[in-house]
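Quick note: to get my numbering, add 366 to the position in the sequence shown (first position is 1).
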Amino acid sequence: MTLRVGITGGIGSGKTTVCAMFEILGVPVYYADDRARALIVENENLRAGITELLGEEAYHPDGSYNRTFVASVVFAQPEKLAALNALVHPAVETDSLSWHEAMKAAGHAYTIKEAALMIESGAYHFLDYLVVVTAPEEVRVQRVIQRDGLSENEVYARIKRQMPEAEKLVLADFTIVNDGTKALTPQVWALHRRFTALSGTS
Ligand code: ATP
Numbered sequence: 367m368t369l370r371v372g373i374t375g376g377i378g379s380g381k382t383t384v385c386a387m388f389e390i391l392g393v394p395v396y397y398a399d400d401r402a403r404a405l406i407v408e409n410e411n412l413r414a415g416i417t418e419l420l421g422e423e424a425y426h427p428d429g430s431y432n433r434t435f436v437a438s439v440v441f442a443q444p445e446k447l448a449a450l451n452a453l454v455h456p457a458v459e460t461d462s463l464s465w466h467e468a469m470k471a472a473g474h475a476y477t478i479k480e481a482a483l484m485i486e487s488g489a490y491h492f493l494d495y496l497v498v499v500t501a502p503e504e505v506r507v508q509r510v511i512q513r514d515g516l517s518e519n520e521v522y523a524r525i526k527r528q529m530p531e532a533e534k535l536v537l538a539d540f541t542i543v544n545d546g547t548k549a550l551t552p553q554v555w556a557l558h559r560r561f562t563a564l565s566g567t568s
């Protein structure tokens with residue numbers, strides 16, 4: 367059986383860093399946020415739905431997504447954000463399911479889906495196991511300031527828009543502590559062995 371594993375965590379927790387380590391072990395990883403960005407442009411049904419919801423301005427004349435326009439609309443109208451998510455999330459779910467089926471056919475013991483909003487979107491319901499990457503808030507803030515050049519206030523504003531880490535942990539089957547002190551490699555390796563065993567392929 368090819369298991370579906372989800373990895374989530376707050377901004378700057380280290381989801382992408384952890385997933386890169388699983389990829390080194392040969393595990394296929396689906397980066398939901400990257401795929402969402404691609405599907406918004408490539409998927410005709412999604413494009414039509416977004417245009418109907420937000421108007422022609424949602425896309426530039428050259429067909430690329432007008433992220434600035436969309437952000438300004440949904441920032442001012444939360445109900446539009448909910449409606450946009452209700453279009454994008456199912457499209458990503460369908461796409462990730464067919465990707466998972468392809469990985470299953472290729473004989474992988476498990477696949478990983480990485481998403482910032484795994485719980486908020488409801489996508490975690492479709493997983494066999496949920497892994498939450500954790501790090502203290504002050505560590506996450508410093509990482510994002512360094513990586514993105516944002517101010518401390520901007521990072522805290524983003525954190526405030528996300529579900530608190532404690533609520534995510536309630537739903538976690540496993541956690542990875544990425545506080546900058548505890549080594550990541552043994553934690554990733556232990557989970558890799560666990561999922562391989564749980565899939566029944568070892
Ligand atoms: P986001 O939700 O913003 O995409 P993320 O959870 O995917 O963030 P990463 O991009 O993996 O987090 O990590 C945030 C930053 O912190 C990156 O620049 C990364 O290189 C760095 N980082 C992550 N983990 C560690 C670590 N254990 N030690 C040092 N730097 C780290």
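Even for Gly, the Cβ is constructed at its ideal location relative to N, Cα and C.
These numbers were taken from a predicted model, which means no experiment stands behind them.
Beta bridge counterpart(s) of residue i as assigned by DSSP
i	result
residue 540	497
residue 397	480
residue 425	431
Helix, strand or coil at residue i [DSSP, three-state]
i	result
residue 391	coil
residue 377	coil
residue 369	strand
residue 464	helix
residue 528	coil
residue 547	coil
residue 486	coil
residue 451	helix
residue 438	helix
residue 491	helix
Integer Cβ distance of residue i from residue j, believed to fall under 8 Å
i	j	result
residue 477	residue 370	6 Å
residue 384	residue 544	7 Å
residue 458	residue 401	6 Å
Same chain, Cβ closer than 7 Å to residue i, neighbours up to 5 away in sequence not counted
i	result
residue 449	419
residue 531	376 and 500
residue 470	368
CA nearest to the CA of residue i, picked from the options
i	options	result
residue 390	560, 551 and 566	551
residue 399	374, 561 and 560	374
residue 421	468, 439 and 473	439
residue 504	497, 512 and 498	512
residue 498	560, 538, 417 and 453	538
residue 382	425, 481, 461 and 526	481
residue 413	453, 443 and 442	453
residue 464	561, 492, 443 and 427	492
residue 490	555, 527, 534 and 394	534
residue 563	541, 547 and 474	474
Sequence-distant residues of its chain with Cβ nearer than 8 Å to residue i (five each side left out)
i	result
residue 423	432 and 435
residue 429	407
residue 411	457
residue 510	377, 378, 516, 521 and 524
Cβ-based neighbour list, residue i, same chain, cut-off 6 Å, excluding 5 preceding and 5 following
i	result
residue 446	439 and 440
residue 455	487
residue 483	none
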